[in-house]
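Chain order of the listed sequences is L and G. So the first sequence is numbered by the UniProt record's numbering: it starts at 1 and just counts up by one. So the second sequence is numbered by the UniProt record's numbering: it starts at 1 and just counts up by one. Note that CB positions come from ideal geometry on N, CA and C, so glycine has one too.
There are 2 protein chains.
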Amino acid sequence: MINWIERMLKELNLVESMDQPNGFTRLSYSEGEDRSIEVFKKEAESLGLQVSEDSAGNVIARWEGKRKDAPIVATGSHLDTVSQGGGYDGVAGIISSLGGVKQLMEEGFEPDCPIEVLNFRSEESSRFGVSTIGSKAMSGKLDLSIGKVEDAEGITIKEAAESRGYVWESFIEADKKEDIKSFVELHIEQGMNIEENEKDFGVVRSVACPVRLKVTIEGKASHTGTTPMNRRQDALVAVAPLVSFVSQKAGSIAGDEGEQLVATVSTIDLVPNSMNVIPGKVELGVDIRSVDDSLKHEIKKQIEDKCREIEDQHKVAISTEVLVDNDSIDLDEGVQSRLMEAGEASGLEGLMMNSGAGHDVMNMQAKCPSGLIFIPCKDGLSHHPGEFASLEDIQKGMHVLTNFLRNEASE
Amino acid sequence: MINWIERMLKELNLVESMDQPNGFTRLSYSEGEDRSIEVFKKEAESLGLQVSEDSAGNVIARWEGKRKDAPIVATGSHLDTVSQGGGYDGVAGIISSLGGVKQLMEEGFEPDCPIEVLNFRSEESSRFGVSTIGSKAMSGKLDLSIGKVEDAEGITIKEAAESRGYVWESFIEADKKEDIKSFVELHIEQGMNIEENEKDFGVVRSVACPVRLKVTIEGKASHTGTTPMNRRQDALVAVAPLVSFVSQKAGSIAGDEGEQLVATVSTIDLVPNSMNVIPGKVELGVDIRSVDDSLKHEIKKQIEDKCREIEDQHKVAISTEVLVDNDSIDLDEGVQSRLMEAGEASGLEGLMMNSGAGHDVMNMQAKCPSGLIFIPCKDGLSHHPGEFASLEDIQKGMHVLTNFLRNEASE
């Protein structure tokens, strides 16, 4: 099985070797995502699964059960990546889901209910700033108005989706009508908790959804050579202390473990960003996460207070806009216990933990009882060419998922 | 004459009204610069000047003198702008030079030597980070190797120039061979010294040329949601104190007048600049200017020391690269005195001062005795849509220049 995992890893990542210094780039609704999805479909068909696509581009690979109308046992993840990201985020989940089905087939298992492996289209937010579009559609949570959101080149989500052959208005028809008994996703941890606690896998209790702010600082652009230091309204100089503030304040709220809350100034856009012009305007993107929603709102307020202080000290105007404010998601407790049991049955030790990152499973939880398995990844590194999970750790995670699927789909 | 100034201002800026909220954008080697140059050529021809273009795209509008071989009296400026810049930077100089000739013609003046109005192509650095390309070529200071420098879209200077019909390798042939008696440029001050000293115009002693640094901070990109605060190598958090440091240190060196030295972090590029990824790499552009070269090197060293301190405090690597290190230029003392006299002869009061910004005149000083007249501009604002010089102030400056040209070109 480990050779199959290795082959799938390369094939789904469209490479001959996983050693890629510039990482993997398969943005939402790109040709790269399409090609990876084709690999998935081909492998699913070769396993004898019935492959179909819903109106939002999600692929459903179905293993028919003895009872065709019974609630479905579902599992899956995604195949798109961030720009220059890693080869395991999403892919490890697709491999484990497909591998779990393959294993059960090889055992001669006959599922009582249908088992479906789902590939959710366009999970990552790096192209449009909007994440999990496919699973939003499948779980009936999609708001079609996001179709007008643009990428850096001015292409909208609607245009990008339609360039791949879909019809944006039909995305809402992807809302899955059949009963689903449970949905489980496997994903790399993107952190170091499992490793530090010397466990084999993690089972997620809650998913920390972000509060995201756009902070706009308006100073005054003028000539770098002719504007005396004491007459400037430099928007970048004004905002520099805010970058330090967000990091320090989050660090103190986070506590010694550094995990209660995370907050990041992750984007910055300067106008005009020209060597001989004092920055007249700066836009910052701030990403705040915690499974404790009250902590997110506490730091949000402190950031806003700091902006007022900066406005008073520098001659600038600052506005803050809330781009995203999603409450954290508690996953199903029954699924959590059954996942821990499935792991223990394989002699593996699991860690109950939270997820700092959003995943498709948080949408599916609105549809059906859902769970999330984490597997370790090297140094917790993710969204980076150096992202790595060992074949052994992927296989261990797959064992947990396989046991879970067997239990769920048994009479 | 004031109506002519107003008409030329609009025509050279390619607008019906000077009230343009988004300013003026005629980048180096753009179609906009071409169109503005065509307006200039047409007006020069209508005045009866002989219009020619050198191999670097500089336009020479010549008024023949009684002695055709006598050293030339030259004046001029440029017609390109920064992105969303003002309508007076460069244009005020072209109008004054052409208006000076027009005035002398209307007086029936017959120049003893040739008078040339020069338009230098591509003075601004905002497209390529390289300034005064045309005057570098005309003064024999052009290094053809800069042809490979790219703009933000990856177009090189050579490609941009050749797209306008020039041959890059021929740019060196623009090195002007005839003797030039003097060259004078008129420009908006881009500062507030003239106004604060209640004078009518300025005469520049020295031009402060920049030291420009590229500072590259390498941290580690990772997921904003899953990387605990105490395990981050956030390049933006590391560099934020450097932005404050440059501003504070320059302010203290600059003194109470804020003018001895200016230093600006004017550009910032984040990699990946993506909402859910911790900034792994940041590049800063730092622009440092003073007519006192030792002060520029003092703050450069302090910035480098601060980088070492930041490297120790944060887990990042910082490298600094010197992009530009040009000594300041002292303009010709004889021309300075004659410009002051020319102003006083018109009943105008002049201020001897320095220039914080570079201009084409600094290249021409290497070729011939050169001088720079400043006229006031509102609030010192420049490289900004709000840049403004009154028609009256342009006309006063033109009087100084006209008197100077008359004196220079008399027997």
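Give a yes or no on whether 9 Å exceeds the smallest Cβ distance from residue i to chain G.
i, result
"Ile-83 of chain L", "As written in the sequence, residue 83 of chain L is Ser, which differs from the Ile given in the question. At least one chain G Cβ lies under 9 Å of Ser-83 of chain L."
"Lys-306 of chain L", "no"
"Ile-268 of chain L", "yes"
"Met-229 of chain L", "yes"
"Asn-276 of chain L", "yes"
"Ser-135 of chain L", "no"
"Gln-336 of chain L", "no"
"His-223 of chain L", "yes"
"Glu-31 of chain L", "no"
"Phe-309 of chain L", "Reading off the sequence shown, one finds Glu at residue 309 of chain L, where the question assumed Phe. Cβ-Cβ to chain G under 9 Å: no for Glu-309 of chain L."
"His-297 of chain L", "no"
"Glu-11 of chain L", "no"
Could you tell me the alpha carbon to alpha carbon distance between residue i and residue j, rounded to whole angstroms?
i, j, result
"Glu-196 of chain L", "Leu-405 of chain L", "28 Å"
"Asp-325 of chain L", "Glu-298 of chain L", "13 Å"
"Tyr-166 of chain G", "Asn-363 of chain G", "21 Å"
"His-359 of chain G", "Ser-145 of chain L", "50 Å"
"Ser-131 of chain L", "Glu-124 of chain L", "5 Å"
"Ser-55 of chain G", "Ile-37 of chain G", "15 Å"
"Asn-119 of chain L", "Ala-357 of chain G", "57 Å"
"Val-117 of chain G", "Lys-177 of chain G", "16 Å"
"Lys-141 of chain G", "Gly-85 of chain G", "27 Å"
"Asp-143 of chain L", "Gly-191 of chain L", "31 Å"
"His-314 of chain G", "Ala-238 of chain G", "6 Å"
"Ile-157 of chain G", "Ile-180 of chain G", "28 Å"
"Ile-253 of chain G", "Leu-261 of chain G", "7 Å"
"Leu-270 of chain L", "Val-335 of chain L", "46 Å"
"Glu-283 of chain L", "Val-211 of chain L", "17 Å"
"Val-243 of chain G", "Ala-240 of chain L", "6 Å"
"Asn-273 of chain G", "Gly-93 of chain L", "26 Å"
"Ser-370 of chain L", "Gly-76 of chain L", "11 Å"
"Ser-346 of chain L", "Asp-200 of chain L", "11 Å"
"Gly-225 of chain L", "Met-353 of chain G", "14 Å"
Taking 9 Å as the CB-CB cut-off, is residue i touching chain L?
i, result
"Lys-220 of chain G", "yes"
"Pro-369 of chain G", "no"
"Arg-205 of chain G", "no"
"Gln-190 of chain G", "yes"
"Gly-129 of chain G", "yes"
"Asn-273 of chain G", "yes"
"Thr-132 of chain G", "no"
"Pro-111 of chain G", "no"
"Glu-162 of chain G", "no"
Looking only at DSSP bridge pairs, what is residue i linked to?
i, result
"Asn-3 of chain L", "Its beta-bridge partners do not exist; DSSP assigns none."
"Ile-288 of chain L", "L:Val-211 and L:Ala-263"
"Thr-75 of chain L", "L:Val-117 and L:Val-184"
"Trp-168 of chain L", "Answer is none; Trp-168 of chain L lacks a bridge partner."
"Thr-216 of chain L", "L:Glu-283 and L:Ser-319"
"Ala-240 of chain L", "Answer by DSSP bridge pairing: none, since Ala-240 of chain L is not bridged."
"His-223 of chain G", "G:Val-277"
"Phe-374 of chain G", "G:His-187 and G:Gly-202"
Measuring alpha carbon to alpha carbon, tell me which of the options ends up nearest residue i.
i, options, result
"Lys-300 of chain G", "G:Val-265, G:Ser-382 and G:Val-277", "G:Val-265"
"Leu-79 of chain L", "L:Gly-225, L:Asp-69, L:His-187 and L:Ala-174", "L:His-187"
"Gly-386 of chain L", "L:Arg-7, L:Pro-21 and L:Ala-160", "L:Pro-21"
"Ile-288 of chain L", "L:Asn-273, L:Lys-281 and L:Thr-267", "L:Thr-267"
"Ala-366 of chain G", "G:Glu-150, G:Glu-106 and G:Asp-332", "G:Asp-332"
"Ile-194 of chain G", "G:Lys-396, G:Ala-409 and G:Asn-403", "G:Lys-396"
"Ala-161 of chain L", "L:Ala-208, L:Asn-58, L:Lys-66 and L:Ser-346", "L:Asn-58"
"Ser-126 of chain G", "G:Ser-355, G:Gly-285 and G:Gly-255", "G:Gly-285"
"Glu-45 of chain L", "L:Asp-19, L:Asp-69, L:Val-101 and L:Glu-16", "L:Val-101"
"Arg-231 of chain G", "L:Asp-256, L:Arg-232 and L:Glu-218", "L:Asp-256"
"Glu-341 of chain G", "G:Ala-221, G:Ile-373 and G:Val-322", "G:Ile-373"
"Asp-48 of chain G", "G:Leu-14, G:Glu-31 and G:Glu-106", "Note that residue 48 of chain G is Gly in the sequence shown here, rather than Asp. Looking at the Cα atoms, G:Glu-106 is the closest of the given residues."
"Ser-319 of chain G", "G:Lys-148, G:Val-215, G:Gly-147 and G:Gly-99", "G:Val-215"
"Ile-5 of chain L", "L:Ala-208, L:Leu-295 and L:Leu-391", "L:Leu-391"
"Gln-233 of chain G", "G:Arg-338, G:Ile-278, G:Glu-31 and G:Ala-174", "G:Ile-278"
"Phe-40 of chain G", "G:Met-398, G:Lys-66, G:Cys-368 and G:Glu-11", "G:Glu-11"
Mind reading off the beta-carbon distance from residue i to residue j? Whole number of angstroms is fine, and I expect it under 8 Å.
i, j, result
"Tyr-263 of chain G", "Val-246 of chain G", "Rather than Tyr, the amino acid found at residue 263 of chain G in this sequence is Ala. 5 Å between Cβ atoms; contact."
"residue 454 of chain L", "Ile-375 of chain L", "Here chain L comprises residues numbered 1 to 411, so residue 454 of chain L is not present and cannot be evaluated."
"Met-8 of chain G", "Glu-43 of chain G", "7 Å"
"Ser-163 of chain G", "Ser-382 of chain L", "About 43 Å; that fails the 8 Å criterion."
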